[in-house]
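Reading the sequence shown from the start, the letters are residues 13 to 329 in the numbering used here.
Worksheet: one structure, shown below.
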Amino acid sequence: MPKKWLQVINEAVKKIEENEIELGIKVLQKVQEHGKQLPEVMLYLADVWYQLGHLEEATSLLKETVALHPAMNKTLLTEFHLLLAEIALDEGEFERAQELLYELKESGFDGVQLYLLLADLYAAQELEEVAVKYLEKAKELDPDNVEIASALGEMYIQLGQFDNAQVMLDQIEMPSAASLLFHGRTLAQGGDFEQAYAAFAQALELERTAEGLYGAGLMAFHLGQLEAARGLIEELLVIDEEYVAAFPLLSDIYLSLGKTDMAIDKLIRYVDLSGFDLEHIQRLIALLLQSGRYDEAKQYQKMFESWNEAETGLEQE
13 MPKKWLQVIN
23 EAVKKIEENE
33 IELGIKVLQK
43 VQEHGKQLPE
53 VMLYLADVWY
63 QLGHLEEATS
73 LLKETVALHP
83 AMNKTLLTEF
93 HLLLAEIALD
103 EGEFERAQEL
113 LYELKESGFD
123 GVQLYLLLAD
133 LYAAQELEEV
143 AVKYLEKAKE
153 LDPDNVEIAS
163 ALGEMYIQLG
173 QFDNAQVMLD
183 QIEMPSAASL
193 LFHGRTLAQG
203 GDFEQAYAAF
213 AQALELERTA
223 EGLYGAGLMA
233 FHLGQLEAAR
243 GLIEELLVID
253 EEYVAAFPLL
263 SDIYLSLGKT
273 DMAIDKLIRY
283 VDLSGFDLEH
293 IQRLIALLLQ
303 SGRYDEAKQY
313 QKMFESWNEA
323 ETGLEQE
């Protein structure tokens, strides 16, 4: 690709990132207007449109360029079709994505990106048993790719194949925060809470993520380390005040610490955020009654009855 065009596009993106959005968009539009005879430039530009969230613009540009260059070499044409399929997946157009990907497969293309997109296609449709086969194929083609190993490990966990998941983790020589979180989830699923806690704690040393704090907090709670669990979950809610799963956990922690009013407050927050969770509304009602907060208990009892009727009606339909 001519460096001049690449530089202009990158400068336009920089303008957008610096909040000079109108100017940056105009530059990209000019590149699109004047660079149509350069398919490599248009492919790069389409990817930029895609990354900026302009999916329709990206799709339109890709299709126009393919139509304008019928003699485009096969390798470049494959890149166009892969990007079209990726965008179709993001838009939820699964049939279109499948059509593009299977056309590539039937043409003899055997690249890693093809199998990763096929895995995404089937995972998005909750067909993990199919998705995992394509991830395994991608892993065969790129055995040293840590991201593929992590993704495959995640898929094995979803399928309950914990031994296979551990094999993937063992292949990651330099654990990242993401791989340590994955390791923690694997251990937790197997009931090894102490080792899982250690893995989550190690991940937090690298990066203080909401997922890491939640995992460490949950393991600390299971191990009876209540003050440590409380601190971790409260830190999580500073990072993400609407991390819904944290509220019932923190409620349980406060209840175990004998702080019933605080446990109730967190459960009320959870119910307000989560909506249709009849089990936790029942728990909240019981705690309110135990604390003598009868008026509030009546309020949530009415909510429970209303939502329970609605849920029953949906089931009957």
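Glycine residues also receive a C-beta, built at the ideal position from the N, C-alpha and C atoms.
Neighbourhood of residue i by C-beta, 8 Å cutoff - its chain only, sequence neighbours within 5 removed
i              : result
glutamine 328  : Unreliable positioning characterises glutamine 328 in this predicted model, as indicated by a pLDDT of 48, which lies under 50. The coordinate reading is nonetheless provided below. Closer than 8 Å at Cβ, skipping near neighbours: no residue.
aspartate 154  : Val124, Ile160
isoleucine 184 : Val158, Ala161, Ser162, Ser191
Cβ distance (whole Å) where residue i is taken to contact residue j below 8 Å
i                 : j            : result
leucine 113       : threonine 90 : 11 Å between Cβ atoms; not a contact.
phenylalanine 233 : glycine 202  : At roughly 18 Å, the Cβ-Cβ gap does not stay under 8 Å, so phenylalanine 233 and glycine 202 are not in contact.
For residue i, the first and last residue of its enclosing alpha helix (DSSP H)
i                 : result
tyrosine 226      : 222-234
phenylalanine 121 : Run containing phenylalanine 121: none; DSSP gives neither H nor E here.
methionine 167    : 158-170
glycine 36        : 33-46
leucine 261       : 258-268
histidine 195     : 189-201
glutamine 237     : First-last for glutamine 237: undefined, no H or E at that position.
histidine 292     : 290-302
arginine 305      : Per DSSP, arginine 305 belongs to no alpha helix (DSSP H) and is neither H nor E.
isoleucine 28     : 15-29
Buried versus exposed call for residue i [16 or more other C-beta atoms within 10 Å across all chains shown]
i            : result
histidine 93 : buried
threonine 71 : buried
threonine 77 : buried
lysine 75    : exposed
alanine 79   : exposed
glycine 172  : exposed
serine 191   : buried
leucine 35   : exposed
valine 144   : buried
Residue i vs residue j beta-carbon contact at 8 Å
i              : j              : result
isoleucine 169 : arginine 197   : yes
alanine 208    : methionine 231 : yes
leucine 101    : leucine 73     : no
tryptophan 17  : glycine 47     : yes
glutamate 247  : leucine 225    : yes
alanine 215    : leucine 181    : no
Residues of its chain near residue i, where Cβ-Cβ distance is below 6 Å and the 5 sequence neighbours each way are ignored
i              : result
arginine 368   : No statement about residue 368 is possible, as the shown extent of the chain runs from 13 to 329 and does not include it.
leucine 128    : Ala150
isoleucine 251 : Ala222
leucine 299    : Ile276
leucine 126    : Leu116
Close Cβ partners of residue i (< 7 Å) along its chain, the five nearest in sequence each way excluded
i             : result
valine 20     : Val39, Val43
leucine 261   : Gly229, Leu230, Phe233, Ile245
glutamine 313 : Ile297
is_contact[residue i, chain B] using C-beta, thresh 8 Å
i             : result
tryptophan 17 : Absence of chain B from the displayed structure is noted, only one protein chain being present.
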